[in-house]
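At the far end of the sequence shown sits residue 751, using my numbering, and the numbering has no gaps.
Just so it is clear, CB atoms sit at the ideal spot from N, CA and C, and this is done for glycine as well.
What follows is a set of notes on a single structure, which appears directly below.
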Amino acid sequence: MSGETKQKEESGGQATVSHAGVFVTWREMPGQAKALLAGVFVSKLAGFIQIFLVLFLTHRGFSQGQAGVALGLYGAGAVVGTFAGGGLSDRLSARAVTLISMLGSALLIVSIVYLTNYGLILIAVVLVSAVGQLYRPAAQSLITELTPPERLVMTTAMYRLCLNLGTTVAPLIGVALVSVSYNLLFWGEALAALVYSLIALLFLPRTSVPTEPPADAAVLPGTEKAAGQARPPAAEQKTRSSYLALLEDWRYLVFLASFLLMCVVYVQYTAALPLAVVDAGLSTWWYGAVITLNGAIVVSCEVAATRFVQTWPIRLTQMSGFALLAVGYGIYAIKIIPVFLVLGTLMWTLSEIVGAPTVWAYPGMVAPAHLRGRYFGAMQSVYGLSSTLGPILGIAMFERLGQRFFLWAAAAAVVATAVGRIGMRAPVAREQREPSGEPSLTEPAH
306 MSGETKQKEE SGGQATVSHA GVFVTWREMP GQAKALLAGV FVSKLAGFIQ
356 IFLVLFLTHR GFSQGQAGVA LGLYGAGAVV GTFAGGGLSD RLSARAVTLI
406 SMLGSALLIV SIVYLTNYGL ILIAVVLVSA VGQLYRPAAQ SLITELTPPE
456 RLVMTTAMYR LCLNLGTTVA PLIGVALVSV SYNLLFWGEA LAALVYSLIA
506 LLFLPRTSVP TEPPADAAVL PGTEKAAGQA RPPAAEQKTR SSYLALLEDW
556 RYLVFLASFL LMCVVYVQYT AALPLAVVDA GLSTWWYGAV ITLNGAIVVS
606 CEVAATRFVQ TWPIRLTQMS GFALLAVGYG IYAIKIIPVF LVLGTLMWTL
656 SEIVGAPTVW AYPGMVAPAH LRGRYFGAMQ SVYGLSSTLG PILGIAMFER
706 LGQRFFLWAA AAAVVATAVG RIGMRAPVAR EQREPSGEPS LTEPAH
């Protein structure tokens, strides 16, 4: 590590860590991590299916209702895919999981073009979504393994930048391809998946990092060895390495509950907000403008802001991010007029900038090494679940409550802030996690 990021205290002689900025982090980032970010960007740059699925199916002669069902199943497939990907990434290397995900999704994507039976199309859509999301927990697990702890939040911000940039540009490329042919759209996404596969094949590590059996594996009762006795080989170690092991970490489960509630509120910008704009008599141009404003600010400012936010205590970051979301939706509750529409959007955009990199990096800060993929998989599945349930709940409540809905949304975000404060615990240094081989899932907060 460079002298710029690790210094000695003159008075006490102890090492203190200073958090590097954007350019230092990128310059000193391992090549494997850079390759992973490049692959994620390429993949999201051609993420066309979810955006154009409804238009594609109606173009093929299916009804709007049938197209809507397919889109809903695509979201459900994403939840299943991230959940399954968490388990796979704890058993296989990130390279292997990425190859399975990208090669499998490339084949399935192309198949949709040539299927004519609606039932088979639905099956293909679910499989495309599930297989295409397998890599997500593996990607974040590998980033955690390759990144020094003091740079994890900044590297996560860069990871999110790749996702957001790709998602922002993808619709523009997709429109250009659709103007030629829908077939070209699907072949383009399949080609991007193959490019990511090639990057994984050439640059990602063949084995997990580290390759030794995890020192922090949770040992089942009755299998402990006497003090000073050598640890058994990996094949003989009986560790809880399934999603059931997460049930022992009650703090993480509480955090996931708060994260689910927060995300259900967050996604209302796609559901209740456009309805409120129309009900207020405003042009839909205003809705498009504030959503564009959000995307532009996040893409241009999040990484730069993380340079400062990464030094904050983790609970302060979480509470600030969640609370700003409550403020943003609380402003919408005043009245949907341009000034409040813009101000409210700026508040929850600031929430995203402040809180998202730390919150998304959090599983890697607290997960035992042998469960890291499942911790990420559980969190990403919760996000996918909120993206499915949030619009349904939001629209139903908005139809009953009208403008008052945003007060309820703000109150829910306040509850999420408080519950998240209970659930999050201070990170423990990797070399200090479970040094004796005992489980740390019930580790007290510092």
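Minimum Cβ-Cβ distance from residue i to chain D less than 7 Å
i    : result
V433 : No chain D appears in the structure shown, which is made up of a single protein chain.
Sequence-distant residues of its chain with Cβ nearer than 7 Å to residue i (five each side left out)
i    : result
L630 : M567, V570, Y571, W653, S656 and A718
T473 : G600 and V604
S691 : L565, C568, V569 and V572
V608 : V327, A462, M463 and L466
S559 : The question names Ser, but residue 559 is Val in the sequence shown. So the list reads V724, I727 and G728, once near-sequence residues are dropped.
G409 : V436
G380 : G689, S692 and T693
P442 : T387, G390, G391, S394, G678, F681, G682 and Q685
For residue j and residue i, the rounded distance between their alpha carbons
i    : j    : result
L698 : I354 : 24 Å
F613 : G633 : 22 Å
Q685 : A661 : 13 Å
S486 : G593 : 26 Å
F367 : L378 : 16 Å
S406 : A481 : 26 Å
D554 : A674 : 14 Å
G386 : G437 : 7 Å
L503 : P335 : 18 Å
W331 : A610 : 15 Å
V431 : A701 : 25 Å
P643 : I658 : 22 Å
G586 : P579 : 11 Å
V595 : V483 : 26 Å
P732 : P696 : 33 Å
W665 : N488 : 35 Å
Run of the alpha helix (DSSP H) containing residue i, from where it starts to where it stops
i    : result
M729 : Unbroken run through M729: none, as it is neither H nor E.
A435 : Y423 to G437
L378 : Q369 to R396
K339 : G336 to L350
H324 : Run containing H324: none; DSSP gives neither H nor E here.
T575 : Where T575 is concerned, there is no enclosing alpha helix (DSSP H), given that its DSSP letter is neither H nor E.
A594 : T589 to V614
Q445 : Y440 to L451
A661 : P643 to V671
V474 : L457 to V483
R400 : A399 to Y419
Proximal residues to residue i (C-beta, below 6 Å), its chain only, five neighbours per side dropped
i    : result
I414 : V433, F491, E494 and A495
H324 : E455, Q615 and T616
T722 : M624, F627 and A628
Y574 : none
A498 : M407, S410 and A411
Minimum C-alpha distance to residue i - residue among the options
i    : options                   : result
G344 : G669, L506 and V724       : L506
S547 : S398, I356, G391 and V582 : G391
G373 : L350, R620, R705 and F357 : F357
A683 : G336, V384, D584 and V485 : V384
L302 : Y688, A435, A429 and R620 : Lying before the first or after the last residue shown, residue 302 is absent from the chain, which here runs from 306 to 751.
L468 : E333, T452 and Q445       : Q445
L439 : V458, A411, W713 and V671 : A411
W713 : A577, L342, V431 and V418 : A577
A716 : S563, A731, I596 and A585 : S563
V418 : L706, R365, E704 and A351 : R365
L676 : Q369, K349 and F388       : F388
K640 : F711, Y667 and T597       : F711
G669 : R730, V720 and E704       : R730
CB-CB length for residue i against residue j, believed under 8 Å
i    : j    : result
G626 : I636 : With a Cβ gap of about 16 Å, G626 and I636 do not count as contacting.
A338 : T460 : 7 Å
A399 : L457 : Incorrect: roughly 16 Å between the Cβ atoms, too far for contact.
L509 : L341 : 6 Å
Q708 : A638 : 7 Å
G471 : L350 : 4 Å
T622 : T663 : 4 Å
V402 : Y501 : Contact flag wrong, Cβ pair sits at about 12 Å.
Residues near residue i in its chain [Cβ-Cβ closer than 8 Å; skip 5 each side]
i    : result
Q371 : L362 and Y423
L694 : V569
L561 : A683, M684, V687 and G728
L706 : W713
S416 : A429
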